[in-house]
Structure formats: C-alpha cells, structure tokens
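Presented below is the structure to which this report refers.
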Amino acid sequence: MKKRTFGPGIFIGGFLLYMLIPIVATYMFSVATRWDRTILPEGLTFEWYKTAFADRWFLIVFKHSLVISLSTVIASMVIIVPTAYWVHLRVPEARPILDFISTLPFAIPGVVLALGLIRLYARPPWMLARTPAMLVAAYVIFTMPFMYRPVVNSLKAVNIKVLTEAAQSLGSSWIRTLGQVILPNIMPGIISGGLLVFATIFGEFTIATFLVGARFKTFPMQLVYYTRRDGRIASAYSVISFSIAWVSSLVILWIATSWAKRSSSGGSVVGKDISSR
Amino acid sequence: MSYLDLIHLRKAFDETVAVKDFNLQVEKGEFVSLLGPSGCGKTTTLRMIAGFEIPDNGSIVLSGEEITSIPSNQRGMGMVFQSYALFPNMTAWSNIAFGLRVHRVSTAEIKRRVNELLDLVGLSDDGHKFASELSGGQQQRVALARALAIEPRVLLLDEPLSALDAVVRVALRNEIRRIQSALGITTIYVTHDQEEALSISDRVVVMRQAEIEQEGTPEEIYIQPQTPFVATFVGTINQFEGILKDSERGLVSCCGGELELSITPDAAAGLSKGEALTVFVRPEEVLVGDAGSQDNSFQAVLRSVTLLGPVTRLNLELQGQTVYADIRTIDRHRYVLDKSVQMSFRRDSCRCMREGEALNENSAHH
Chain U
0 MKKRTFGPGI
10 FIGGFLLYML
20 IPIVATYMFS
30 VATRWDRTIL
40 PEGLTFEWYK
50 TAFADRWFLI
60 VFKHSLVISL
70 STVIASMVII
80 VPTAYWVHLR
90 VPEARPILDF
100 ISTLPFAIPG
110 VVLALGLIRL
120 YARPPWMLAR
130 TPAMLVAAYV
140 IFTMPFMYRP
150 VVNSLKAVNI
160 KVLTEAAQSL
170 GSSWIRTLGQ
180 VILPNIMPGI
190 ISGGLLVFAT
200 IFGEFTIATF
210 LVGARFKTFP
220 MQLVYYTRRD
230 GRIASAYSVI
240 SFSIAWVSSL
250 VILWIATSWA
260 KRSSSGGSVV
270 GKDISSR
Chain V
0 MSYLDLIHLR
10 KAFDETVAVK
20 DFNLQVEKGE
30 FVSLLGPSGC
40 GKTTTLRMIA
50 GFEIPDNGSI
60 VLSGEEITSI
70 PSNQRGMGMV
80 FQSYALFPNM
90 TAWSNIAFGL
100 RVHRVSTAEI
110 KRRVNELLDL
120 VGLSDDGHKF
130 ASELSGGQQQ
140 RVALARALAI
150 EPRVLLLDEP
160 LSALDAVVRV
170 ALRNEIRRIQ
180 SALGITTIYV
190 THDQEEALSI
200 SDRVVVMRQA
210 EIEQEGTPEE
220 IYIQPQTPFV
230 ATFVGTINQF
240 EGILKDSERG
250 LVSCCGGELE
260 LSITPDAAAG
270 LSKGEALTVF
280 VRPEEVLVGD
290 AGSQDNSFQA
300 VLRSVTLLGP
310 VTRLNLELQG
320 QTVYADIRTI
330 DRHRYVLDKS
340 VQMSFRRDSC
350 RCMREGEALN
360 ENSAHH
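Order-wise, the sequence lines are chains U and V. Position 271, counted from 1, in the first sequence is what numbering that gives the first Met the number 0 calls 270; the numbers after and before it change by one each time, with no gaps. Position 268, counted from 1, in the second sequence is what numbering that gives the first Met the number 0 calls 267; the numbers after and before it change by one each time, with no gaps.
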C-alpha cells in the first residue's frame with residue numbers, strides 16, 4: 000500500500016489559504032450587513048452592490064475603464080503584432096533587442112514612467128498631457144510584455160518563415176499572407192495577450208492617477224474613493240473588478256485548451272503563456 | 000536557349016560562400032536533381048530560383064525572361080518544403096485552393112481544380128481534414144497538390160521526403176515522378192539522398208562545397224563518376240591507392256607492392272609510369288567464388304557480412320585493406336566467416352583517378 004504523506008498536502012493547503020483568504024474575505028465583506036463586531040458577518044445583503052450600481056459615477060468610470068482598456072488592447076495589437084512578425088521574419092538578429100525592450104516596463108516603476116511621460120509630452124508640440132490618448136499610449140508601453148511574450152511564443156510555435164514562403168510562392172502578397180496565414184495561426188497568442196492587457200489595465204490605478212487624475216476617472220479611482228468612504232462598497236467594486244479579470248482568465252484558458260485540441264503545438268504554447276504569467 | 004537558365008549564380012552569407020559560380024541549363028519538362036551533402040549549396044540554389052534569396056551575382060532566366068530580381072510571389076514557382084508547410088488553420092482542400100484564390104480563379108473552377116488535384120495525389124476523401132489530422136506522407140501529398148494547383152512554371156522540391164518513413168519515402172518518390180511525367184512539369188529536386196536522386200531524375204547535378212562537382216544522367220553519375228568525391232558520395236565504392244607500374248599493360252602496384260592490379264590501358268591514359276593514382280571498383284563488380292574473372296583474382300578473408308535486402312555485402316580483407324563485395328542474398332550461405340575466399344574483378348570495371356580528376360578517356364564529359 001502506498002504510504003501517506005502529509006508534507007505536500009500541508010504546502011498546497013497553506014498556499015491555497017494564503018491566496019484565497021483575502022479574496023473570500025473581500026467577497027464576504029461585499030455582501031455583509033456588518034462585519035466588525037463578530038467573527039462571521041452579522042447578515043447578508045446586496046445593499047452595497049445596489050449602492051455601487053446606483054451611483055451615477057459607476058457607469059461613467061466603468062465606461063472610461065472599458066474604453067481605455069479596449070483602446071490599449073487594440074493599439075497594442077496593431078503596434079506589436081506586425082513588429083514582432085517582421086522582426087522574426089526579416090531581422091532575426093534584432094530579436095534579443097526586442098526581447099530586452101519588452102522587459103523594460105517591468106523594471107521601470109509606474110510612477111517613474113508616468114512622471115517621465117508628463118515631463119516629455121506636456122510641452123509643445125505634443126500637449127498630450129492629461130488626455131486619455133496619452134493614458135492609452137502609456138499603457139501600451141506599460142503592458143508591452145503581456146502582449147509581446149504570448150505573440151512571440153506563438154510565432155515560434157508555428158514556423159512563420161516557411162509558412163510565409165509557402166504563401167509567397169503561391170503568389171500571395173505580404174498583406175494577404177499576414178491576414179490569412181500568419182494571424183490565424185498566432186491568434187491564440189494575440190487573444191491571450193489581449194486579455195492579459197485588458198485585465199491589467201482595467202484594474203490599473205497608479206499611472207492613471209498620475210497621468211490624467213480626476214479629469215478622467217477610471218474604475219480603480221472610484222474604488223479607491225470608496226475605500227475612504229465605505230469599505231463595503233469598495234469591496235463590491237473590488238469583486239466586480241476581480242470578476243472581470245477572472246472572466247478574462249477563463250476565456251484565455253478556454254482558448255488555450257480548445258486550440259490544444261486542434262493542433263498540439265499551438266495549444267501547448269498558449270498554455271505556456273498562461274503558466275508563465 | 001533552354002527553358003531555365005542559371006547563369007554564374009553566386010550567393011554568400013556573411014563570410015560563407017554558399018554558392019559559387021553556379022551554371023545550369025534546364026529544358027522544359029526535365030526533372031533535375033541537385034544532390035550533395037548538407038551545406039553544399041543545393042538548397043540555397045533552389046531558394047534563389049524560388050526568389051527567397053537574391054543572388055549576389057549572376058542571373059536567372061526563365062523562358063527568355065530575366066527573373067533574377069522579381070519578387071517570389073510573382074515568379075509562379077511551385078514550392079514543396081521538407082517540413083510540408085501546410086497552413087495549419089486551413090483544411091487540405093483550402094490549402095490547395097489558396098493559390099487559386101490568390102490568382103482570382105472563379106469559384107467553380109477552384110472547386111473543379113482542387114477536387115482534380117486531390118484525386119491526383121490520392122486524397123479524394125481527405126479534403127476536409129486539417130494538417131494535424133493527416134500523416135506526414137499525406138501532408139506532403141497535399142503540399143504537392145497545393146504547389147501544382149497554380150500550374151507553376153517550375154516545380155521546386157526542397158528535400159520533400161527527408162522527414163518521412165522509408166516505405167512512404169519510396170512510394171511517394173515514385174508518385175512524384177509519375178505526376179511530374181504526366182503533367183510534363185519542369186522540376187528541380189533537392190536531396191542529399193543519392194538513391195533518391197538516381198531513381199527519379201532525368202539529370203543529376205552533384206554539388207560539393209558551393210560548386211558543381213559533376214552533372215549528367217543518373218547512369219553517367221553512377222557508372223562514370225568524374226571525381227573521387229562523386230565516386231564515393233554516390234553509392235559505395237572500393238578504393239585502391241597505388242602507383243602506375245606499366246602504362247602499356249595497365250599494371251598498378253598497390254599496398255607497397257603486395258598487390259598488383261590490372262587495369263585497361265585506356266583507364267591509365269594520361270598517366271605516366273610511377274605516378275600515384277586511385278583505382279575505384281564498385282562492390283557489385285567484385286565477384287566472389289570460382290566463377291570470377293581472370294584479370295584481378297586474389298585470395299581474401301571474409302571478415303563480416305551485412306544483409307542489405309536482396310543483396311548481401313561481404314566485407315573482405317585483402318592485404319590489410321577492406322574490400323566490399325555484393326553478392327545475391329540467396330548465395331550468402333556459401334561463405335564462412337574468417338575463411339579464405341576467392342575474389343576477383345574485371346580490369347574494365349576499374350576506374351582510375353589522379354588527385355581530383357577522372358582519367359577514363361571514354362567517359363562522357365559535359
């Protein structure tokens with residue numbers, strides 16, 4: 000008979016508790032009537048969600064964050080996907096440079112990035128400071144690794160050089176090759192990159208506050224505002240924010256697994272993208 | 000002027016010269032193989048024809064039209080890759096239809112052509128399948144059909160069978176030849192497999208270190224190799240290094256005088272007495288047993304036996320030198336390991352070469 004060991008169970012259990020307690024607590028706090036005098040909440044209510052939804056700012060900040068996140072995703076795709084493709088196809092020797100640049104946002108704190116951008120773009124001829132457009136521009140930089148990595152992994156998984164040559168020999172223009180041959184085959188990478196960018200931007204506070212501040216309130220700014228007024232409404236906001244991130248993650252997972260069924264190579268790469276996050 | 004003219008092609012990557020002054024004329028409908036070890040420049044040559052590499056020098060002329068700098072997507076070359084390169088997001092049917100769609104062929108015509116091609120490559124029932132659902136051999140058939148769909152001016156195949164199993168490889172190579180002959184399509188075939196090149200080509204171009212070593216029909220390449228490299232690269236061959244002792248009688252002294260070989264005076268033409276040379280004999284020319292030839296008859300010792308299929312290769316030791324002799328496998332029991340056997344070969348089966356060149360007068364030179 001197999002000997003039972005508790006070691007791994009303790010570690011896994013400890014890890015799960017560590018990860019889940021804050022989330023579960025936030026959920027419970029968002030549906031609790033009161034939870035400061037007892038061990039468990041005194042009662043359950045949806046009052047805080049109602050209050051959150053009833054606030055006229057809710058829809059505004061939700062829309063702002065949605066627009067900013069989606070714009071960032073689109074801008075990021077348009078800039079990064081063709082660049083990564085061309086570099087991989089035509090200037091492979093420049094790959095390490097691009098790999099290095101794509102990690103820079105991890106090294107530069109958001110505050111530094113924001114202040115630097117304000118100093119650069121607040122003066123003529125740009126005059127972009129404190130506009131949503133500038134926020135999107137900053138976010139494209141900030142989230143570059145999230146888009147670049149999955150796209151590059153997908154590019155590596157399909158032999159884009161040979162596929163491009165095959166399409167060319169059949170008479171295809173480069174734009175058709177990109178649209179009909181390359182993009183469909185790296186789509187898992189693009190989609191998972193896009194969802195990672197979306198989830199990251201939707202909950203981003205620091206850069207948004209520094210760059211646009213109160214002139215363009217986003218969802219996390221409203222969340223922070225409520226933490227100072229009523230923690231339970233703030234919890235409701237947090238849960239909504241979590242949910243959006245989770246739905247994004249589920250969609251990534253679903254795409255990864257369904258792709259894995261279709262082609263073994265492509266799918267495993269998307270899987271890698273997620274696990275490396 | 001021939002159909003496809005490759006004139007003084009040269010291509011270097013950084014310091015490495017991949018192709019050095021390559022000249023070749025290919026006639027319409029001809030099947031030409033570029034054969035050589037890896038790194039000999041055969042693939043680079045093919046890629047220059049396809050337009051994937053631009054030559055540093057020289058020109059490519061296709062039916063009178065200079066195409067050296069025309070982009071690959073306007074050359075009308077059909078290409079088949081070693082890695083199949085099917086578009087993974089499309090079915091076999093759509094892969095074949097891709098080139099036709101690019102060329103704005105009508106839907107009805109696309110349907111007709113694709114079904115016809117699927118039929119031609121024996122995959123009529125598999126059009127709906129994705130590449131991942133097809134075996135390697137089937138994928139390569141689809142890739143072949145896809146390249147043929149655009150009715151290419153030249154069909155280019157880059158080691159198309161290297162990734163396949165031996166059985167599939169032989170079946171598919173015969174099929175490639177059958178389809179090529181039926182369609183009369185000009186074909187350039189790159190391979191490192193000499194058996195493949197010999198079996199399907201009208202003409203074989205043997206390359207080595209960025210240059211053409213020899214070109215000719217498969218028979219010329221095998222029977223009349225012009226250089227030691229061709230002699231040893233194409234098939235197996237026995238080599239005896241020696242010194243010409245008597246040019247009139249054709250006597251060669253080998254193994255420090257222990258062995259005297261008799262060659263035809265023709266084979267030794269151009270060599271003077273005392274000159275060093277190498278004598279080449281194919282294993283199938285070496286006869287074992289009593290029924291041998293009188294020209295070069297020796298006692299050797301059988302050291303090992305390799306079964307190759309219908310033929311069995313005997314590894315004989317003659318004066319410290321290894322000699323291969325191919326016998327019919329059904330005769331293999333006549334010989335016993337480590338026992339002495341009688342071996343011989345006819346003098347006119349010997350080819351002689353001085354350092355780097357052939358010496359046989361009657362060999363066809365191109």
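Think of the CB as a built atom: it goes at the ideal place given N, C-alpha and C, for glycine as much as any other residue.
From the DSSP secondary-structure annotation, give me the bridge partner or partners of residue i.
i: Leu-270 (chain V); result: Its beta-bridge partners do not exist; DSSP assigns none.
i: Ala-324 (chain V); result: V:Leu-313
i: Leu-182 (chain U); result: DSSP, once it has assigned bridges, lists no residue as partnering Leu-182 (chain U).
i: Phe-297 (chain V); result: V:Met-342
i: Val-304 (chain V); result: V:Leu-313
i: Thr-15 (chain V); result: V:Phe-12
i: Leu-43 (chain U); result: U:Ala-31
i: Glu-214 (chain V); result: V:Val-204
i: Ile-242 (chain V); result: V:Ser-252, V:Ala-275
i: Asp-157 (chain V); result: V:Val-189
i: Gln-24 (chain V); result: V:Asp-4
How many whole angstroms separate the CB atoms of residue i and residue j, which I take to be in contact at a CB cut-off of 8 Å?
i: Glu-259 (chain V); j: Gln-318 (chain V); result: Glu-259 (chain V) to Gln-318 (chain V), Cβ: 11 Å. No contact.
i: Leu-119 (chain V); j: Ala-144 (chain V); result: 7 Å
i: Ala-91 (chain V); j: Asp-125 (chain V); result: 6 Å
i: Ile-67 (chain U); j: Leu-134 (chain U); result: 6 Å
i: Ala-266 (chain V); j: Cys-349 (chain V); result: 6 Å
i: Lys-19 (chain V); j: Glu-210 (chain V); result: 5 Å
i: Thr-328 (chain V); j: Thr-305 (chain V); result: Not a contact, Cβ separation roughly 11 Å.
i: Gly-77 (chain V); j: Pro-151 (chain V); result: 3 Å
i: Val-77 (chain U); j: Met-146 (chain U); result: Not really, about 10 Å apart at Cβ, beyond 8 Å.
i: Leu-307 (chain V); j: Val-287 (chain V); result: Not confirmed; about 15 Å, so no contact.
i: Ala-49 (chain V); j: Ser-168 (chain U); result: 6 Å
Count the other CB atoms within 10 Å of the CB of residue i; is the residue buried (16 or more) or exposed (fewer)?
i: Asp-325 (chain V); result: buried
i: Arg-89 (chain U); result: exposed
i: Pro-7 (chain U); result: exposed
i: Asp-157 (chain V); result: buried
i: Asn-88 (chain V); result: buried
i: Arg-316 (chain U); result: In the structure as shown, chain U starts at 0 and stops at 276, and residue 316 (chain U) therefore has no counterpart that could be examined.
i: Trp-47 (chain U); result: buried
i: Arg-172 (chain V); result: buried
i: Ile-53 (chain V); result: exposed
i: Tyr-138 (chain U); result: buried
i: His-332 (chain V); result: exposed
i: Gln-139 (chain V); result: buried
i: Leu-19 (chain U); result: exposed
i: Leu-366 (chain V); result: Not covered by the structure: residue 366 (chain V). The range shown for chain V is 0 to 365.
i: Lys-27 (chain V); result: exposed
i: Arg-112 (chain V); result: buried
i: Ala-121 (chain U); result: exposed
i: Tyr-84 (chain U); result: buried
i: Tyr-83 (chain V); result: buried
i: Ile-96 (chain U); result: exposed
i: Val-60 (chain U); result: buried
i: Gly-215 (chain V); result: buried
i: Tyr-17 (chain U); result: exposed
i: Ala-207 (chain U); result: buried
Which residue's Cα is closest to the Cα of residue i: the options?
i: Thr-226 (chain U); options: U:Ile-20, U:Leu-127, U:Ile-9, U:Ala-51; result: U:Ala-51
i: Asn-72 (chain V); options: V:Val-251, V:Lys-41, V:Gln-193, V:Ile-149; result: V:Ile-149
i: Gly-193 (chain U); options: U:Ser-248, U:Phe-241, U:Thr-208, U:Gly-230; result: U:Ser-248
i: Asp-13 (chain V); options: V:Gly-50, V:Asp-55, V:Ala-49, V:Thr-44; result: V:Asp-55
i: Arg-168 (chain V); options: V:Leu-154, V:Asp-192, V:Leu-155, V:Arg-353; result: V:Asp-192
i: Pro-187 (chain U); options: U:Ala-255, U:Gly-13, U:Lys-155; result: U:Ala-255
i: Gly-109 (chain U); options: U:Leu-195, U:Lys-216, U:Thr-199; result: U:Thr-199
i: Thr-130 (chain U); options: U:Pro-149, U:Phe-201, U:Thr-217, U:Met-143; result: U:Thr-217
i: Ile-140 (chain U); options: U:Ala-156, U:Gly-115, U:Ser-153, U:Ile-159; result: U:Gly-115
i: Leu-45 (chain V); options: V:Val-322, V:Asn-22, V:Ser-62; result: V:Asn-22
So, does the CB of residue i fall closer than 8 Å to a CB anywhere in chain B?
i: Ala-324 (chain V); result: Here chain B cannot be found, since the structure's protein chains are U and V.
Take every Cβ of the stretch 28-38 of chain V, pair it with every Cβ of the stretch 196-207 of chain V, and state whether three or more of those distances are shorter than 8 Å. yes
Do the stretch 225-239 of chain V and the stretch 275-289 of chain V meet, that is, are 3 or more Cβ pairs less than 8 Å apart? yes
Okay, do the stretch 172-191 of chain U and the stretch 103-110 of chain U touch, 3+ Cβ pairs below 8 Å being the bar? no
Evaluate contact between the stretch 330-346 of chain V and the stretch 297-307 of chain V, counting only Cβ atoms and requiring at least three cross-stretch pairs below 8 Å. Touching, yes.
Cβ contact check for the stretch 180-187 of chain U and the stretch 161-169 of chain U: 3 or more pairs under 8 Å: yes
Touch check for the stretch 66-85 of chain V and the stretch 223-233 of chain V: three-plus C-beta pairs under 8 Å? no
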